[in-house]
Amino acid sequence: MSSAAMEHLLARAERVLARLEAVLPAASAAPDWDAGIAFRWRKRSGAGFLQVVRHTANIGLPDLHHIGPQKEQIERNTRQFVHGAPANNVLLTGARGTGKSSLIKACLTEFAAQGLRLIEVDKADLADLPDIVELVATRHERFIIFCDDLSFEEGEAGYKALKVALDGSIAAASDNVLIYATSNRRHLLPEKMSDNASYRHTEDGDLHPGETVEEKISLSERFGLWISFYPFGQDDYLGIVAHWLRSFGCDEAQIADARQEALRWALQRGSRSGRVAWQFAKDYAGQWKERDHVGNSKSE
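Count the sequence shown with our numbering and you get residues 45 to 344, in order.
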């Protein structure tokens with residue numbers, strides 16, 4: 045190949061690279077911090093960057109019912125964090141649909157004006173936690189790294205990365221970052237009958253877990269605050285339904301009429317969770333408003 049042809053080929057390659065650099069974000073690219081209060085960690089062609097969440101969930105702490113002790117714990121811990129006082133990483137575990145994720149989102153609504161920001165990270169990207177922490181370390185805002193519906197299978201890389209990020213790195217944790225995670229598993233790893241074989245007895249009868257069990261417990265123990273959630277009873281479920289129906293503009297008579305339908309809705313789904321109550325309220329209020337809209341159209 046002649047030198048002229050080689051130079052032409054290199055020039056074309058440089059133009060292609062320039063176009064790619066214009067399209068792809070740089071690794072660990074910082075967002076426009078003023079564009080939102082919540083962010084997602086995204087990967088594109090191997091490069092990590094923070095993506096602004098333009099529309100965050102509009103839920104507040106008063107919207108969450110029948111989880112008073114849990115709400116008090118996480119609100120207190122988050123307030124300490126926002127005010128620069130010592131605070132703990134938090135693991136929220138328990139029954140599905142009981143408000144674990146909603147409680148974290150409500151904390152963002154409550155404290156965003158005081159500088160709280162939320163970064164959502166998928167389990168598959170937990171290995172990037174050191175990059176995320178480094179990216180926000182010099183910011184004046186306070187960041188909660190949010191890992192939703194977290195659980196691991198044995199051998200997953202994200203498990204070790206999270207364990208180190210919580211308490212195990214040679215580098216000190218940034219004081220403007222906490223990790224809040226939700227899970228249906230208290231110990232985040234599957235528990236098997238075979239794990240019991242690793243227990244050992246001492247001569248005086250004490251029972252001690254073996255290495256397998258210790259490993260499964262160790263990640264959960266690195267969260268300073270554990271908050272447990274439990275299934276709702278029928279009255280609690282109906283109370284949550286009533287709250288959301290009121291928020292959609294239903295009056296007390298309509299709420300009373302919806303009671304039996306709400307119970308049937310829960311029975312069909314096999315759950316009386318807060319999530320099911322919210323879904324029913326949207327369906328019921330939507331039907332009511334649609335009937336009202338059709339009636340008004342006919343009268344015109």
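Note that the Cβ used here is the ideal one computed from N, Cα and C, for glycine as well.
Looking at the structure shown, is residue i part of a helix, part of a strand, or coil, going by DSSP?
i, result
"SER242", "With a pLDDT of only 48 at SER242, under 50, the local geometry of the prediction cannot be trusted, and no value is derived from it."
"GLU334", "helix"
"CYS191", "strand"
"VAL208", "helix"
"PHE276", "coil"
"ILE163", "strand"
"ALA82", "strand"
"SER317", "coil"
"LEU135", "strand"
"LEU108", "coil"
Just tell me which of the options has its CA closest to the CA of residue i.
i, options, result
"LEU105", "VAL97, HIS99, GLU119", "GLU119"
"ALA286", "ASP107, TRP85, LEU94", "ASP107"
"GLN278", "HIS99, GLY318, GLY143, THR137", "GLY318"
"PHE273", "ASP78, ALA55, LEU147, GLY80", "LEU147"
"PHE93", "SER195, ALA300, ASP175", "ASP175"
"LYS144", "ALA156, GLN312, ASP193", "ASP193"
"TRP332", "ALA91, ASP295, LEU307", "ASP295"
"LEU206", "GLY283, GLN312, GLU265, LEU179", "GLU265"
"PRO130", "ARG88, VAL221, ASP76, GLY159", "VAL221"
Look at the alpha carbon of residue i and the alpha carbon of residue j, and state the distance between them as a whole number of angstroms.
i, j, result
"VAL134", "TRP288", "27 Å"
"ALA297", "TYR224", "40 Å"
"GLY128", "ARG183", "13 Å"
"TYR203", "GLY293", "45 Å"
"LEU152", "TRP309", "31 Å"
"LYS115", "ALA171", "30 Å"
"LEU307", "ASP280", "12 Å"
In the DSSP assignment, find the unbroken beta strand (DSSP E) run with residue i in it and report its ends.
i, result
"PHE93", "91-96"
"ALA225", "221-227"
"THR122", "Per DSSP, THR122 belongs to no beta strand (DSSP E); it is in the alpha helix (DSSP H), 112-126."
Could you please give the first and the last residue of the uninterrupted alpha helix (DSSP H) stretch that includes residue i?
i, result
"LEU307", "303-313"
"THR153", "144-155"
"PRO130", "Looking at the DSSP string, PRO130 is not in any alpha helix (DSSP H), and its letter there is neither H nor E."
"ILE176", "173-180"
What whole-angstrom Cβ distance do residue i and residue j have, given they're in contact under 8 Å?
i, j, result
"VAL97", "ALA82", "4 Å"
"GLU164", "PHE190", "5 Å"
"ALA150", "ILE103", "5 Å"
"SER262", "SER227", "About 15 Å separates the two Cβ atoms, so there is no contact after all."
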